[in-house]
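Residue numbers (this note's numbering), protein chains in the order written: chain Z, 1 to 338; chain F, 1 to 338; chain Y, 1 to 338; chain E, 1 to 338. C-beta: ideal position from N, C-alpha, C; glycine also. Because the structure is a prediction, the values reported are computed rather than measured. Data first, discussion second: the structure below is written as structure tokens.
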């Protein structure tokens, strides 16, 4: 039974605590830290008596904590991930690995020096049954070589005053990662187009259209719209040389009422990706290595920041990734430390 | 250019007048009769100056009327259809051909004596592109021999005080006809099951479930629900030995709004079957003979009244159709009189 | 950590072993028995070293087995469930609880004498997210009082020589249970209609249409077709006084290829209900009591056998359930023995 | 009864002849010209004895021809349209009005000098029930101000050697027109992105992604893919500030067979837009003026050629339309000459 320490139990961290306690095999929540001690106490109590820590580094170092889940604020990710690597403990870090390229680089290098994989980044869509089905169908070959990939990513409402860049770094970054994962290809160029912003967006340039080119020549576009009002929706279509696959995730029930036949949309990303989060945690606890690596986390931040630059410049921006670290340190392996 | 006389220009008759005037090739409205002279005058004026008749038999007999469309009250159908046969004029009669078996019999016999086909009954669903597509797919053989046929037929609201029988004779009669047409098979047994009635139905036994057996052994069920509230909907599924085909007719647009992804239902049968009505009229004007025959009209009334008897008895009721008239008189032929 | 003993590790039992080992929190497989020792050994090994038992009663009695899951052949269910009750251990029994009314009665009475709930019957659909969504929508009140419920239940192919009754007792029994659960109502009358059998069914009367009436007056029909060829499909529509809800479970991907836009059907019930099985097990391990009770198991067998009688007689058959046992013994409670 | 002369009876022209003869009220085919006299003779015979002309200008000038439909090769459109204007006869010209901006300009100016509207351009999508439904829903205001418009336009296969520009001038030109019509807005900027071409495209840069900006600030993207293989498909989504509307046109039947639930795509544009063509012709014959004007035809060619330039340059290209002609000459009016 693996004992997981959780750093940060806001919306995401408390959800992870609940899943580890109630729906994942082979793990328990061993410890909880949060800046808000009351919140930590509440979540620990709901986690069958996990311990409350008053310092995150104490939690990381504790002998009764086998692995660490980081769901604290973005700016703190680097510090805690580096501490986990230093302690030789597997760590699942919510995205972003770090909001800066430099932070991501330091993590990749630290893990590289450690020599085996310790870091997993929480791009949970890689575990979503719908995306997995899409990847299975691409791999089956029926639609042929992929040419185009259309993404739609909509949230009902964003906080007022959201910076323009946040649509990319917070939201579209999921599409950046899933595009790489799905196509097994790197993004090498980006252009960002924006219409007049929605009046609902309180000054933010929302929506935005990202146009991404991959190394092999595919074109992926992303509509990101965080004040779409009607609900949360993620869908895409992959267009190949001999067919296409669309991916959505309709609710299984359809209501006929008041002149309409209707299906409900999720209110936010959590019900839509609940199963993805569960599978992500189970995979991590099993040490199966299916999650995004530190390098994936680096690339996500690198490409996202390039898209932000392209948003600001308005033009086509080539993206020159550095060389990935040596294969040895980034191999997807069952971690020996578990 | 064929000149059509219309008897009865209520909802159905005025719609037919409009279609003949605006959307059918090769015909004009030549004359209009209605019990309400003002209504006749209005429709005639909208029909590019058709004449107004004050007597339906004068209309039928008029030399400038080539063919007659009957959309008057059900009880009058027999009289006018017999007059058209006597005048040797093609007649398109709204369903029912006659509400009584005896009335239908007299029409079938009169047309038989006349010797060639003159009568068409307005079971417009036979011209609906969706049903035609269903029949095409059945004929293609992919789903194999048909075993089951599930019909759903819903109206938003019926007039209070509707007799229980009217659900069958007014509404489900369309399914009785289309089942015969689709399967090219006769209905030989019926059971009617009813749940507690909807409180919205003001005392009428609504909804009802008809369970029909055909001569070749297929089973067709019909849900008829005339106070379904949410809208008008007709759909079905045909189940064969190696597959099924479902038929619905979704609107081509889907709205995403307020948490729902929704498609609109028609408010009543007219938008749903607008194209069927147009094609029915065009086929009739062309003399193509694709519409239901007098015999089809006879069978529809005969089977519908059997279903009413089964509703009242609650048990399984065999249906013994008389022999159809000789082939000669009911052949589907381009009418020589056009 | 609860240690589960599994009796019978064929298709269902080995699936349960896998789920308990890999996807359920708070339990491990503690022991395995199967008539085929090699199969037991294989499954035990895959279950992180569970013990292999050579006798089911030894397994039930073992102090290191906290609860028992029965997935052996139908005829053995009663014996093992009674042994679990005698041992005071919680037991999850695959449906049917017993294939005979007498067997079910003996179990209900034994649990009644025991005094608290020990028995859960594996009607997993009660945990299916799609059915739960349907029940949520019914409960929300939007569609009003339920009047009709249309079920479709299709399997691609059955073994040749399947008895006519097996369509009801093996397959449609799921609809019998879910109808009671969904409507919170008892089935009080049944008629079975059958079309000509499919030639693919090798002599079995397949498909069948069950027409069920509930105590409150709703009507539920069930199409059960176990040689439907095209794939596995379960869907339904619940029709209320002011709207309807349909339930299906489409795959989240749609392929456009070779002239068709298509979604895949599951090959059998396991992928369709994989999540229901997982949630059923988690609920049972948590002692939450959401599963079907012994009384539910009794009613399922009682009504299924009534449907078989109605199939044979061809007529309407009233169903007179005996009085349920006293509330005390069948209350859905978190079991104190866990 | 209006007598229509048709110039060019290839695929489009013969379809128009059939519709005018069989499905449009108030018109007959009065005359036919084609470079291939045999083809003209065949179509004229099928058109209830229309006359065959051996010279298009003779047809235009003939006193028994009330109006002219031009479906000859693109390069000849200008000549015949100008002749119709000179003769004062209404003319329906298949798109493009002229393949050159200069040709379109000469037509607009000639009609302007004539003083009343004579020219209609065959952008039939404006009469498609699905697009009309989309426009109705936009106008209803539920989705708010439009921000984005995503178009997909796919053909199964193009002729080998198709020039890159033809994807825009032949195919995407429909989206250019429908975007203007739907949004009631002008296109003021374009960027074209292209992925690696499909190997099925024999050297043509296919598919292409057009990114269009409108005067009011909306962004419309067009995927045009003329070797999509799987079938013909046109769909779009209009994204507003408070909701979206998607438009597709699914067939009303769904087949369940061989593991798949599938709907058929049209083989080409003709079945998909059959009803749009019929309504376009009926509107034109009625003189209702709903079709695209000469100015619309000018803009379509002007913007399409700008998109071709943007395809070649790879960058953002502003589009500076000249001033439209005075309102008087381009008003949509029932033509007095009919």
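Nearest CA to the CA of residue i: which residue from the options?
{"i": "residue 57/Z", "options": "7/Z, 106/Z, 23/Z and 180/Z", "result": "7/Z"}
{"i": "residue 168/E", "options": "24/E, 135/E, 225/E and 213/E", "result": "225/E"}
{"i": "residue 260/E", "options": "265/F, 49/F, 244/F and 251/F", "result": "244/F"}
{"i": "residue 258/F", "options": "242/E, 231/E and 291/E", "result": "242/E"}
{"i": "residue 282/F", "options": "22/F, 156/F, 251/F and 135/F", "result": "22/F"}
{"i": "residue 340/F", "options": "319/F, 313/F, 297/F and 203/F", "result": "Lying outside 1 to 338, the shown extent of chain F, residue 340/F is not represented and no answer is given."}
{"i": "residue 288/E", "options": "159/E, 92/E, 299/E and 204/E", "result": "92/E"}
{"i": "residue 322/Y", "options": "315/Y, 303/Y and 203/Y", "result": "303/Y"}
List, in chain order, every chain E residue whose beta-carbon is nearer than 9 Å to that of residue i.
{"i": "residue 196/Z", "result": "145, 147, 216, 217, 218 and 219"}
{"i": "residue 139/F", "result": "Going along chain E, no residue has its Cβ under 9 Å from residue 139/F, so there is no contact; the nearest lies around 12 Å."}
Quick one: what's got a C-beta closer than 6 Å to residue i's C-beta in the same chain, skipping five residues either side?
{"i": "residue 5/F", "result": "30, 31, 59, 65 and 68"}
{"i": "residue 98/Z", "result": "77, 78 and 104"}
{"i": "residue 14/Z", "result": "43"}
{"i": "residue 127/Y", "result": "276, 279 and 280"}
{"i": "residue 215/Y", "result": "185, 186 and 188"}
{"i": "residue 234/Z", "result": "153"}
{"i": "residue 72/Z", "result": "7 and 8"}
So which residues of chain E does residue i contact, with C-beta pairs closer than 7 Å?
{"i": "residue 243/Z", "result": "229 and 230"}
{"i": "residue 134/F", "result": "253"}
Determine the chain Y residues that contact residue i at a beta-carbon separation under 8 Å, and present them in chain order.
{"i": "residue 207/F", "result": "147, 148 and 239"}
{"i": "residue 223/F", "result": "148, 150 and 239"}
Assuming residue i and residue j make a contact with CB atoms under 8 Å, what is their CB distance in whole Å?
{"i": "residue 180/Z", "j": "residue 186/Z", "result": "6 Å"}
{"i": "residue 143/Z", "j": "residue 240/Z", "result": "3 Å"}
{"i": "residue 254/Y", "j": "residue 253/Z", "result": "No, residue 254/Y and residue 253/Z are not in contact; Cβ-Cβ is about 18 Å, not under 8 Å."}
{"i": "residue 200/Z", "j": "residue 170/Z", "result": "In fact, because the Cβ distance is near 17 Å, the residues do not count as touching under 8 Å."}
{"i": "residue 301/Y", "j": "residue 96/Y", "result": "5 Å"}
{"i": "residue 40/Y", "j": "residue 28/Y", "result": "16 Å between Cβ atoms; not a contact."}
{"i": "residue 87/E", "j": "residue 110/E", "result": "That pair is no contact at about 11 Å."}
{"i": "residue 182/Z", "j": "residue 134/Z", "result": "7 Å"}
Against residue i, what residues of chain E qualify as contacts under a CB-to-CB distance less than 8 Å, listed in chain order?
{"i": "residue 341/F", "result": "Residue 341/F lies beyond the range of chain F shown here (1 to 338); nothing can be said about it."}
Can you pull the chain Z neighbours of residue i, defined as C-beta to C-beta under 8 Å?
{"i": "residue 265/F", "result": "256, 259, 260 and 261"}
{"i": "residue 199/E", "result": "145 and 241"}
{"i": "residue 100/Y", "result": "Under the 8 Å cutoff, chain Z gives no residues; its nearest Cβ is about 35 Å from residue 100/Y."}
{"i": "residue 179/Y", "result": "Correct list: empty, because the minimum Cβ distance to chain Z is about 16 Å."}
Give the residues of chain Y in contact with residue i, contact being defined as C-beta atoms less than 7 Å apart.
{"i": "residue 24/Z", "result": "25"}
So residue i contacts chain F; which residues on that side make the cut at Cβ distance below 9 Å?
{"i": "residue 211/Y", "result": "191, 193, 209, 211 and 221"}
Which residues in chain Z have a C-beta closer than 9 Å to the C-beta of residue i? List them in chain order.
{"i": "residue 249/Y", "result": "252"}
{"i": "residue 21/Y", "result": "25 and 26"}
Whose C-beta lies closer than 7 Å to the C-beta of residue i among residues of the same chain, with five residues either side of it excluded?
{"i": "residue 249/F", "result": "130 and 272"}
{"i": "residue 231/F", "result": "156, 265, 266 and 267"}
Do residue j and residue i count as a contact pair if the criterion is CB distance below 8 Å?
{"i": "residue 147/F", "j": "residue 218/F", "result": "yes"}
{"i": "residue 285/Z", "j": "residue 2/Z", "result": "yes"}
{"i": "residue 222/Y", "j": "residue 151/Y", "result": "yes"}
{"i": "residue 208/F", "j": "residue 194/F", "result": "yes"}
{"i": "residue 33/F", "j": "residue 63/F", "result": "no"}
{"i": "residue 162/F", "j": "residue 204/F", "result": "yes"}
Identify the contact partners of residue i in chain F, using a Cβ-Cβ distance below 8 Å as the criterion.
{"i": "residue 142/E", "result": "255 and 257"}
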